[in-house]
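In what follows, a structure is listed as structure tokens, so that the remarks can point back to it.
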DNA sequence: CCATGTACCTGAAGGC
DNA sequence: TGCCTTCAGGTACATG
């Protein structure tokens, strides 16, 4: 699931529920889901702030950091009262606070809770995300020019710009009228500007809609997002294009299911 | 540098 | 009903 808007939604809700709380207990029910890379005691540490970079959630603790990636099916579920929690078969990590409980649930076990010393080092391979102050239009354009990849692969790669996943990449390319196979460095100046603005508009709209839920995504309260009701192309194979009525196609491209309008997004 | 395939995992959905 | 295949919002790594 989770791409930038979903992780942003999770971060915003956690800010309201776990800031200033003290960890009193942490346990990995599935060992690989918790990657402990720093020798500091988590017990007793307080969550001082919460951030996000691309699809990574960053919990700033008193002496170290928890960095969490939800991958495909990860969820962070928060319960003010422990008795409200449902410990089903897919709970991988349990974090108890002096008051409240956070469960990391993950059906497919791809997600990770990392305990690290320095997020800047840990995330050094991850580029600035779409809302980073440093990600200006001119920076974005120069990164486009530097790459001979397809624009779809470019946006999916997290090293140039982070946070974009399969849904928002397809949606952004549709609105920008760019074929997914177009080379990143072939996109003209004006088109690149539209792409940049559309990307931010689409991500912001989804944040306002609490993210998109296709199947697994839930926010920390267990609620689904609403942005999936506004897709133009994603998950709309065979349905008419909302602009020109042409049938939306789905192909395999850059290793991913890729949705587009053959007329609006000519190669 | 770039594209492709594989691995990591489980469950849902579709074909027969 | 049941078996088999394919696919899924992501990323790391190996191979041409």
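Residue numbers (the numbering used here): 36 to 302. Glycine included, C-beta positions come from ideal geometry on N, C-alpha and C.
Beta carbon of residue 139 nearer than 8 Å to that of residue 250: Using a Cβ distance threshold of 8 Å, residue 139 and residue 250 do not count as a contacting pair.
Contacting residues, own chain, Cβ-Cβ under 6 Å from residue 136 (five flanking each side not counted): Excluding positions up to five away in sequence, the list reads 114, 117, 120.
Among 221, 263, 59, the one whose alpha carbon lies nearest that of residue 240: Looking only at 221, 263, 59, the smallest Cα-Cα distance to residue 240 is reached by 263.
Helix, strand or coil at residue 73 [DSSP, three-state]: DSSP places residue 73 outside both helix and strand once states are collapsed to three, so it counts as coil.
Secondary structure of residue 233, DSSP reduced to three states: Three-state DSSP puts residue 233 in a helix.
Presumed contact (8 Å Cβ cut-off) between residue 285 and residue 272, rounded CB distance: About 4 Å; that satisfies the 8 Å criterion.
Start-to-end residues for the alpha helix (DSSP H) that takes in residue 95: It is not in any alpha helix (DSSP H) - residue 95 instead sits in the beta strand (DSSP E) that spans 91-96.
Sequence ranges, alpha helix (DSSP H) only - wholly within the stretch 191-257, length at least 4: 201-210, 224-243, all fully within the stretch 191-257.
Through-space distance from residue 277 to residue 62, alpha-carbon basis: CA-CA distance, residue 62 to residue 277, rounds to 48 Å.
C-beta atoms of residue 126 and residue 64 nearer than 8 Å: In contact: residue 126 and residue 64 (Cβ atoms closer than 8 Å).
Environment of residue 50 [buried if 16+ CB atoms lie within 10 Å]: Residue 50 is exposed by the Cβ-count criterion.
Simplified DSSP state of residue 44, which is helix, strand or coil: Here residue 44 sits in helix by DSSP.
Alpha-carbon spacing of residue 143 relative to residue 192, whole angstroms: C-alpha of residue 143 to C-alpha of residue 192: approximately 22 Å in a straight line.
Beta-bridge partners of residue 108, as assigned by DSSP: Beta-bridge pairing by DSSP links residue 108 to no other residue.
Close beta carbons around residue 279, own chain, < 8 Å, minus the five adjacent residues each side: Non-local beta-carbon contacts of residue 279 in its own chain, meaning distances under 8 Å to residues more than five positions away in sequence, involve 296, 298, 299 in chain order.
Own chain residues within Cβ distance below 6 Å of residue 170, not counting five before or after: Excluding positions up to five away in sequence, the list reads 163.
Among 133, 157, 134, 92, the one whose alpha carbon lies nearest that of residue 73: With distances taken between Cα atoms, residue 73 lies closest to 157.
Within 8 Å, strictly: CB atoms of residue 302 and residue 201: No, they are not a contact pair.
Whole-Å CB distance - residue 269 paired with residue 37, under 8 Å assumed: About 14 Å; that fails the 8 Å criterion.
Residue nearest to residue 232 in terms of C-alpha spacing, selected from 247, 210, 102, 195: Considering only 247, 210, 102, 195, the residue with the shortest C-alpha distance to residue 232 is 210.
Nearest-angstrom Cα separation, counted from residue 212 out to residue 86: Each residue's Cα considered, the two are about 33 Å apart.
Sheet register partners of residue 136 (DSSP bridge): Looking at the DSSP output, residue 136 shares a beta bridge with 114, 131.
Residues of its chain near residue 81, where Cβ-Cβ distance is below 8 Å and the 5 sequence neighbours each way are ignored: Cβ neighbours of residue 81 within its own chain (closer than 8 Å, five residues either side excluded): 55, 56, 57, 58, 96, 97.
Reduced DSSP category for residue 265 - H, G, I as helix; E, B as strand; rest coil: Reduced to three states, the DSSP call for residue 265 is helix.
Proximity to residue 257 [Cα-Cα], best of 228, 265, 245: Selection 228, 265, 245 evaluated against residue 257 yields 245 as nearest (Cα-Cα).
CB contact flag (residue 242, residue 40, <8 Å): Going by beta carbons, residue 242 and residue 40 fall inside the 8 Å limit.
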